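**Student:** My questions all concern the structure below.
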Amino acid sequence: MYGKKEKRKQRTENRLRALGLFLGTALVGLAAVQRLFAWGGLPHQYITDAALTALPASDEISLRLGGEARHLRDTVEMGDWMNSLITVQENWHVTTEDFPQTSSEYFGNDYLLFPGAPHFFQHMMPQVHETYGPYFLRNLQALRTEDQANAVRWVGSLLHFVTDSGSPPHTIGLSGPNHTKMENWLDASHIDLRGYHPQLLGRTDAEAVEGLRKRMDGLIARNAVIARHMVPYAQADDRPHVEPLALDCAEETARVAADVLHTLLVLSAEQADGQSGASLTARVTAPALAEHPLLPAKIVLLGTDFSTLSSLNYSLPDQYAGTLLLRNLPPGTYRVAIERPGSQTLFPSAIVLRANERASFEWHLRAASPAGNVVPNADFSLRWVTPSAPDHWRHDDGCHCWRSDNIPVAHGNMYHVYVTAKGSAAQTVTLEWMAQHWKRTDDAPVPVAAAQGSANAEQITAPATAVYARFVIAGDAPPENVLDGVALLPVSQAGFVQHK
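Just so you know, the sequence shown maps onto residues 2 to 501 in our numbering.
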């Protein structure tokens with residue numbers, strides 16, 4: 002499978018030269034709390050790198066995605082970043098000086114949950130098969146309507162499901178220690194697709210969805226045969242026999258990833274060329290957030306799959322400002338909502354978008370109630386992802402309770418926490434501390450009492466191992482039926498005054 006040692010060395014050197022752009026300019030740091038489900042970090046990245054080398058010049062990926070294209074090797078991990086805060090950190094080194102900075106922050110859920118896919122998916126067969134159609138169509142939408150940064154993050158989500166599907170243990174539903182061996186015992190830098198010509202999966206959106214499903218079925222069936230041959234070698238800790246088989250699966254997975262990227266770029270370019278759609282731009286301002294000042298605002302077009310996050314204009318000690326951009330939208334009348342942690346969700350009057358025209362707006366988000374409250378959709382008013390639940394809240398059948406999205410906290414910092422009960426209703430609410438996006442700390446849940454404001458609210462300190470907190474509301478009744486809202490706010494912002 003590998004060939005002679007010299008050939009392997011030459012392939013690696015050629016590989017690095019071909020990928021100089023992507024490897025040389027990758028992010029200095031990408032801080033995201035994640036749990037690796039398949040292939041591990043580096044194989045995912047090398048599979049994506051290889052797919053990018055196979056794209057024809059006519060796809061014009063550098064023109065379409067600009068400098069964001071290189072971030073596909075990072076955003077391919079998006080599927081594992083559910084319920085996680087992603088903080089992109091860079092360091093500019095000039096002669097002998099370092100200039101570290103945080104360049105952006107956002108939540109993985111904003112690129113994983115939408116009306117077409119209102120819940121998380123398992124990354125193994127059979128459930129992963131349900132992701133291909135919704136995420137492929139949402140990727141086309143992002144490439145046609147959103148800016149480069151948002152589009153690359155959406156494409157990363159789909160690429161993650163595609164590449165996970167080709168992982169040998171995922172094709173046969175194998176878990177346990179052999180799972181890890183079968184997908185990580187390989188040097189994925191040896192994947193070489195420079196002679197591969199990507200397939201167009203369809204000439205229309207519908208044809209491409211069907212073509213993708215068939216291509217994925219073929220990949221899974223092919224790699225499942227190889228996976229079954231790998232199992233006894235993995236059980237025997239026979240890495241020399243596992244490695245070439247894992248590499249073979251990874252290389253075929255990279256070919257499929259190239260097909261997906263090629264098809265997305267071709268179809269989104271053709272549709273955009275003939276589009277006479279409407280555009281929307283908006284300057285949005287909001288109160289500052291003490292702990293995560295760069296978190297963007299999000300606009301959703303209610304009753305549709307359209308959404309996007311704002312690009313940063315500036316972040317000052319008392320105010321955030323960003324720009325929302327959507328283009329190539331179907332003309333019509335829309336109801337929209339704009340949200341950001343620390344702010345009340347804004348529901349402006351219906352807007353009218355006309356063909357071949359750009360509508361411009363200026364929106365200011367008021368401070369959350371109470372000011373400084375970092376709980377998203379704390380009053381349960383926004384329902385875009387699904388009509389059956391408030392956004393950022395999920396019902397758990399196992400515990401007969403409602404859980405909030407993870408809320409970033411800083412260990413050692415103090416917070417006010419309370420709920421506002423609806424009338425005289427009594428409801429059991431607790432706050433859980435999270436050590437990972439998927440794992441609680443060893444600390445006991447904190448009972449949350451009702452209060453009318455931070456002045457008489459309980460003050461708590463985030464424990465040393467906590468990176469997130471989440472609310473748990475007991476009972477199956479929709480949370481808005483029993484509570485007017487929940488609050489978690491840094492003590493430093495308890496008396497925060499909204500910028501006018």
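Every residue, glycine too, gets a C-beta built ideally from N, C-alpha and C. From a predicted model like this one, the values you see are computed outputs, not experimental measurements.
Note the first and the last residue of the continuous beta strand (DSSP E) segment covering residue 333.
**Tutor:** 333-335
**Student:** Consult DSSP for residue 483 and reduce its assignment to one of helix, strand or coil.
**Tutor:** coil
**Student:** What residue ranges within the segment 290-324 form continuous beta strand (DSSP E) runs of no fewer than 3 residues, ordered along the chain?
**Tutor:** 299-302, 308-310, 312-317
**Student:** Which of helix, strand or coil does DSSP assign to residue 327?
**Tutor:** The answer is strand: DSSP assigns residue 327 an E or B state.
**Student:** Taking 8 Å as the threshold (C-beta atoms), are residue 333 and residue 303 in contact?
**Tutor:** Their beta carbons are not under 8 Å apart, which means residue 303 does not touch residue 333 by this criterion.
**Student:** Where does residue 161 fall in DSSP's three states?
**Tutor:** Under the three-state reduction of DSSP output, residue 161 falls in the helix class.
**Student:** According to DSSP, residue 360 sits in a beta bridge with which residue or residues?
**Tutor:** 281
**Student:** Would you report the Cα separation of residue 421 and residue 407, rounded to the nearest angstrom?
**Tutor:** Rounded to whole angstroms, the gap between the alpha carbons of residue 421 and residue 407 is 20 Å.
**Student:** Taking 8 Å as the limit between beta carbons, can you name the residues of its chain near residue 318, skipping five residues before and five after?
**Tutor:** Only 289 meet the Cβ criterion.
**Student:** Considering only residues of the segment 133-197, which uninterrupted alpha helix (DSSP H) runs meet the minimum length of 4 residues and lie entirely inside it, listed in chain order?
**Tutor:** 133-146, 149-166, 169-172, 178-185
**Student:** Look at the Cβ atom of residue 106, then the Cβ atom of residue 325, and state whether they are nearer than 8 Å.
**Tutor:** no
**Student:** Specify, as a first and last residue, the run of the alpha helix (DSSP H) that residue 371 falls within.
**Tutor:** Looking at the DSSP string, residue 371 is not in any alpha helix (DSSP H), and its letter there is neither H nor E.
**Student:** Provide the residue span of the beta strand (DSSP E) that contains residue 1, from first to last.
**Tutor:** No statement about residue 1 is possible, as the shown extent of the chain runs from 2 to 501 and does not include it.
**Student:** Reducing DSSP to helix, strand and coil, say where residue 249 ends up.
**Tutor:** helix
**Student:** Going by C-alpha to C-alpha distance, which of 467, 375, 57 sits closest to residue 445?
**Tutor:** Ranking 467, 375, 57 by Cα distance to residue 445 puts 467 first.
**Student:** Mind checking who residue 353 pairs with in its DSSP beta bridge?
**Tutor:** 334
**Student:** Which partner residues does residue 437 have in the DSSP bridge list?
**Tutor:** DSSP output for residue 437 lists 440 as bridge partner(s).
**Student:** Hey, how far is the Cα of residue 358 from the Cα of residue 278?
**Tutor:** 8 Å
**Student:** Would residue 419 and residue 451 be called neighbours here (beta carbons separated by less than 8 Å)?
**Tutor:** yes
**Student:** When you compare only the Cα positions, how much space is there between residue 198 and residue 57?
**Tutor:** 8 Å
**Student:** Do residue 54 and residue 262 count as a contact pair if the criterion is CB distance below 8 Å?
**Tutor:** No. Outside cutoff.
**Student:** Do you know how far the Cα of residue 240 is from the Cα of residue 89?
**Tutor:** Straight-line Cα distance between these residues: approximately 35 Å.
**Student:** Entirely within the segment 380-415 and at least 3 residues each: give me those beta strand (DSSP E) ranges in chain order.
**Tutor:** 394-397, 402-405
**Student:** Mapping DSSP to helix, strand and coil, what is residue 341?
**Tutor:** In the three-state reduction of the DSSP assignment, residue 341 falls in the coil class.
**Student:** Roughly how far, in whole angstroms, is the beta-carbon of residue 343 from the beta-carbon of residue 374, given that I think they are within contact range, below 8 Å?
**Tutor:** Rounded, the Cβ-Cβ distance is 7 Å, consistent with contact.
**Student:** Do you know how far the Cα of residue 310 is from the Cα of residue 142?
**Tutor:** 14 Å
**Student:** Counting only the same chain and skipping the five closest in sequence on each side, list residues whose C-beta sits under 8 Å from that of residue 182.
**Tutor:** 235, 238, 240, 243
**Student:** Rounded C-beta distance between residue 202 and residue 220? I'm assuming under 8 Å.
**Tutor:** With a contact defined as Cβ atoms closer than 8 Å, residue 202 and residue 220 miss out at about 12 Å.
**Student:** Going by the beta-carbon positions, is the gap between residue 265 and residue 144 smaller than 8 Å?
**Tutor:** yes
**Student:** Is residue 452 helix, strand or coil by DSSP?
**Tutor:** coil
**Student:** Have a look at the DSSP bridge pairing and note the partners of residue 93.
**Tutor:** 100
**Student:** By Cβ distance below 7 Å, which residues in the same chain neighbour residue 500 in space, the five residues on each side in sequence not counted?
**Tutor:** Low per-residue confidence applies at residue 500: pLDDT is 31, beneath 50, and the placement is therefore not dependable enough to give any value.
**Student:** Would you call residue 282 buried or exposed, if buried means 16 or more other Cβ atoms sit within 10 Å of its Cβ?
**Tutor:** exposed
**Student:** Indicate whether the contact test is met: 3 or more Cβ pairs, each with one atom in the segment 68-80 and one in the segment 108-123, closer than 8 Å.
**Tutor:** The segment 68-80 makes contact with the segment 108-123: 3 or more CB pairs, one atom from each, lie closer than 8 Å.
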